[in-house]
Amino acid sequence: MSEAFINQLDELYTRYGYEPRKTKQTRVYLFTKSIYNGADIVKTGTDEEAEKLQAEYSKGGYAVKIREFKSIEEAEDTLFKDFFKADGVIFNLKKRYENFVQKLMNNLPEKAQYQYIRSSYDYTEYSLDQDVTQTVSISAEDDGNSLVGRVVKQINEHKGPLLIIIEAAAGYGKTCTAYEILQKFISVPSFKLPFFTELSRDRSAKIFKHILQFEIEEQFSNRVDSNLVIHQIKSGRIPLIIDGFDELITKDFSFSSNQFEQVESMLSTIVDLLTENAKIIITSRKTAIFNSEEFHNWMIDRDIKYTLAKVTISEPRIEDWLHKERLEVIQSNNFPVEQIANPVLLTYLRYVKIDELQEMIVGDQSIVSRYFDFLLTREQTRQNLLIEPETQLRIFRKLVRLLTEWDTKSETKEFIKDLIMDYNKTILEETKRKYTPDKRPRTDQLADILSNHAFLDRKESGKIGIVNEFVLGTLIAENLTLGKYLQYNKKFYDNITQMFALLAVQAFQVQPKENKEKLWEVFNQFPFNFDPQFFFKIDIDFKNEIIRDYKLATLSDFHLEGYSFTRENQFESTIFTGCTFKDCQFSLTAFKNSSFVNCYFYNCDLISNGEAYSDCFFTVYGCIDDNDFVSKVYECEAAQEVDEVNIEKEILDLYFKKGSLKPRHRQLSQIKNELTDYDFKTVSKSIHKLEKEGYIQLNGDLSFLTRTGIAHYNDQYRTV
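Here the sequence shown stands for residues 1310 to 2029, where the numbers follow my numbering.
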């Protein structure tokens, strides 16, 4: 046996906490860090020597194993299996998955059985040495490319560090997907074992390193040193799953450099792990961070040779949740399907009795109200709770108002109980009188019953919060529309974060029209400091028309069908990225200095009210159509009277830091802001030419130099 192999064995066993013992040839490693005293005898010498050592250490009280390894990889596999695939670790992970499923089923009719619902999704893969990034759309019916299957395959087969980001709107299945990935690994024998951590709103990105260390010790019950776990994460044997990245962001969905600074500490901890063969999965609501030049350039500066895979889960399709018989009930009654297009409601309707479904569809009460009544009425029976459903709602609306004003989703059980007692004294006293004297609870006992309510659920760190984001969003929206925030704080709009506001919007998408109108009125009546993307979303979702004017806005990932973009100068210096337009009309004068990047146009028209094509004020980059829409825009651009000014160098210069030879990622919106000395049409034509010639690659608003572009710049403009 070579000396190099023996040195590798010594290093490996030392990493696992063993102490090497010197012998003539055969290696002995002792483990004495617990009540278990073990000795591994690795046959690097003769059989006789190994047997003699076995007898010696057995006599000394050690549990002895004789090992024989053909390679250091085989030795690593064996030790990893012994330490990390112990029955207790697997049992705890399975229990964690089962508890998660049980919580989901608690709020469903009896006899409901859990089934993970596959979703359609978009997939983009990007690496530093790659010139072209392409997004592929995968249907939920594509058996060979299921979301979970693709991610697990990537983890098992990808060579080198891989960061997978799973994004979706609230309630669209991020956490369910993360748990399915966990379940896939622990149910199939392999040499990989995921480490799963959930983040929560009360945690800080600055202490993520300590959170990670604490949860490592908890998951592996202090069986192994945390440094060993870190080593195995880096080697790829322990894929790291981080659920709820967005919980660490105080101002979601709009991006600023300050926002990046909030999560930079957490990202530093993650990036420190993203070496060798590490596999890290992050779930998050859509956030601009991972599309920003700050993030990509930060990664470039750290010289991480990694691959980034982004998965965007699509909105739920009703046919994915409901069987044919249930769909027919809904369709035959001409029920507005947009009022059930939420995973929580669809899961409920999947399991409710068919005759009850029929009654819901034809009744006056909304599906949401029916679902809440089901939960609240069942709670009366389950906990012998003599509080009417509407009064229960009042209690939990009040609780949600307080939590969101403090910008938190969870608190300790004792604190929740105190809030319920302090803010519902009259209700609790009236409720106590409804019980007979022999069964009458004390006030604190009644508050304890409510703290175990179906609307609440245990979160991380032993805290409790609202059971899911649909219920939370609904209660936030009701507080807004009922004026409860305003009642207690005239400037409540300063305290409601955009994250909570979006939860309200998402939840109210399945409400009747009049309720949507009320919520829209609140957001337009008060000066909420939210980004243009938020207001564009509520116009589309709740009014089905574009009401505001937009300036210096970036609007991303919208699906717009049947809209007319005809109001003069409605969009100024605005960029649409990754949007889909179907049956839409575009007037030349509706836009000023605006752009469309990586958008899709289906059966769209570019109309003219007598103005010439030379009056066109918008341009397109990397867009696709099914008619001649994009060609007409190009025709419009070609007809524009633009001074022949070559600003190619000025644009390419912006992709490099001063004094650096390393190219940077840049957002088109930022490039245009930095070139205000030049006419917008000149800048647009130049960028379009650079893209067409393959010198720059666009990915939404983000852009970067290709290898061809770098060579072109070095050849034409680089000065020594």
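Don't be surprised by glycine CBs; every beta carbon is placed ideally from N, CA and C.
> DSSP puts G1774 in a beta bridge; with which residues?
Replying inline: According to DSSP, G1774 shares a beta bridge with S1719, D1766.
>> Please report the distance separating the alpha-carbon of S1993 from that of T1928.
In response: Using only the alpha carbons, I get a separation of about 7 angstroms.
> Roughly how far, in whole angstroms, is the beta-carbon of I1473 from the beta-carbon of V1461, given that I think they are within contact range, below 8 angstroms?
Replying inline: At roughly 10 angstroms, the Cβ-Cβ gap does not stay under 8 angstroms, so I1473 and V1461 are not in contact.
> Contact check, S1623 vs S1873 under 8 angstroms by CB: the rounded distance?
Replying inline: Contact doesn't hold; Cβ gap of about 26 angstroms is too wide.
>> Given this structure, state the Cα-to-Cα distance separating V1671 from Q1689, to the nearest angstrom.
In response: Rounded to the nearest angstrom, the two C-alpha atoms are 26 angstroms apart.
>> Between the alpha carbons of F1562 and A1597, how many angstroms are there, rounded?
In response: Only weak support is given to the placement of F1562: the predicted model assigns it a pLDDT of 42, under 50, and the value that follows is read from those uncertain coordinates. F1562 and A1597 have their alpha carbons spaced roughly 6 angstroms apart.
> Near Q1492, what residues of its chain come up, given a Cβ to Cβ distance below 7 angstroms and the 5 sequence neighbours on each side ignored?
Replying inline: If we look at Q1492 and ignore the five residues flanking it on each side, its Cβ neighbours are Y1406.
> Rounded to a whole number of angstroms, what is the C-alpha to C-alpha distance between S1903 and D1892?
Replying inline: Roughly 20 angstroms between the two C-alpha positions.
>> I'd like to know if the segment 1730-1746 and the segment 1809-1829 are in contact, where contact means that at least 3 CB-CB pairs between them fall below 8 angstroms.
In response: Result no; under three Cβ-Cβ pairs closer than 8 angstroms.
> In its own chain, which residues sit with a C-beta less than 7 angstroms from the C-beta of F1564, not counting the 5 before and 5 after it?
Replying inline: The predicted position of F1564 is uncertain, since its pLDDT is 44 and thus under 50; a value taken from the coordinates is nonetheless stated next. Cβ within range, chain order: A1597, I1598, S1601.
>> Just verifying my parser: in three-state terms, what is the DSSP assignment at H1868?
In response: Under the three-state reduction of DSSP output, H1868 falls in the strand class.
> Candidates T1875, D1937, F1844: which alpha carbon is nearest L1864's?
Replying inline: When each option's Cα is compared against that of L1864, the closest is F1844.
> For the beta strand (DSSP E) that A1348 lies in, which residues bound it at each end?
Replying inline: It spans 1347-1351 - the beta strand (DSSP E) in which A1348 sits, taken as one unbroken run.
> Around the Cβ of H1519, are there at least 16 other Cβ atoms within 10 angstroms (buried) or fewer (exposed)?
Replying inline: By the Cβ-count criterion, H1519 is exposed, with fewer than 16 other Cβ atoms from all chains shown falling within 10 Å of its own Cβ.
> Beta-carbon separation of L1502 and F1393 under 7 angstroms?
Replying inline: Their beta carbons are under 7 angstroms apart, which means L1502 touches F1393 by this criterion.
> Taking the C-alpha atoms as reference points, what is the distance between T1991 and S1436?
Replying inline: Approximately 31 angstroms, taken between the alpha carbons.
> When you compare only the Cα positions, how much space is there between N1859 and F1880?
Replying inline: A quick correction: the sequence has Tyr, not Asn, at residue 1859. Distance between the alpha carbons of Y1859 and F1880 is about 5 angstroms.
> By a C-beta neighbour count over all protein chains shown, 10 Å radius and 16 as the cutoff for buried, is D1349 buried or exposed?
Replying inline: Its Cβ being crowded by 16 or more others within 10 Å, D1349 is buried.
> Helix or strand or just coil, what does DSSP make of N1853?
Replying inline: N1853: coil per DSSP, three-state reduction.
> Shortest alpha-carbon distance to M1608 belongs to which of K1971, P1750, E1787?
Replying inline: Scanning K1971, P1750, E1787 for the CA closest to the CA of M1608 turns up K1971.
>> Can you tell me which residues form a DSSP beta bridge with I1447?
In response: For I1447, which the question treats as bridged, DSSP gives the partners Y1430.
> The alpha helix (DSSP H) with R2048 in it runs from where to where?
Replying inline: There is simply no residue 2048 to check, as the chain begins at 1310 and stops at 2029 in what is shown.
> Could you give the C-beta distance for I1884 and D2010, rounded to a whole number, given that I count them as a contact under 8 angstroms?
Replying inline: Going by Cβ atoms, the distance from I1884 to D2010 rounds to 6 angstroms, so yes, they are a contact pair.
> By DSSP, does D1561 sit in helix, in strand, or in coil?
Replying inline: The predicted model places D1561 with a pLDDT of 44, which falls under 50 and marks its position as unreliable; any figure quoted below should be read in that light. In this structure, D1561 counts as coil in the three-state DSSP scheme.
> Between which two residues does the alpha helix (DSSP H) containing F1494 stretch?
Replying inline: Taken as a continuous stretch (DSSP letters only), the alpha helix (DSSP H) holding F1494 covers 1483-1496.
> Got a sec, what are the start and stop residues for the alpha helix (DSSP H) V1709 sits in?
Replying inline: If you look at V1709, you'll find it in the alpha helix (DSSP H) that goes 1698-1714.
> So, helix, strand or coil for R1876, using DSSP?
Replying inline: R1876: coil per DSSP, three-state reduction.
> Do A1487 and Q1815 come within 7 angstroms of each other at the CB atom, strictly closer than that value?
Replying inline: No; because the gap between Cβ atoms is not below 7 angstroms, this pair is not in contact.
>> Since R1376 and V1351 should fall inside the 8 angstroms C-beta cutoff, what is the C-beta to C-beta distance between them, to a whole number of angstroms?
In response: R1376 to V1351, Cβ: 5 angstroms. Contact.
>> With a threshold of 6 angstroms on Cβ separation, who are the neighbours of T1783 within its own chain once the five nearest residues in sequence on each side are excluded?
In response: Beyond the five residues adjoining it in sequence on each side, T1783 comes within less than 6 angstroms, by CB distance, of A1816 in the same chain, given in chain order.
> To the nearest whole angstrom, what separates the beta carbons of I1542 and L1582, a pair I think is in contact under 8 angstroms?
Replying inline: About 5 angstroms separates the two Cβ atoms, so the contact holds.
> Which whole-angstrom value is the C-beta distance of N1346 and A1372, which I expect to be below 8 angstroms?
Replying inline: Indeed they touch by this definition, with Cβ atoms about 7 angstroms apart.
> Taking all protein chains shown into account, do 16 or more other C-beta atoms lie within 10 angstroms of the C-beta of G1871, making it buried, or fewer, making it exposed?
Replying inline: Result: exposed.
> Which full runs of the beta strand (DSSP E) of 3+ residues lie inside the segment 1323-1371, going along the chain?
Replying inline: Complete beta strand (DSSP E) runs here, min 3: 1328-1330, 1336-1340, 1347-1351.
> Where do the ends of the beta strand (DSSP E) carrying K1822 lie?
Replying inline: From DSSP, K1822 is part of no beta strand (DSSP E) but of the alpha helix (DSSP H) over 1822-1834.
> When DSSP builds the beta bridges, which residues end up paired with V1620?
Replying inline: For V1620, the pairing in a beta bridge is given by DSSP as Y1432, I1475.
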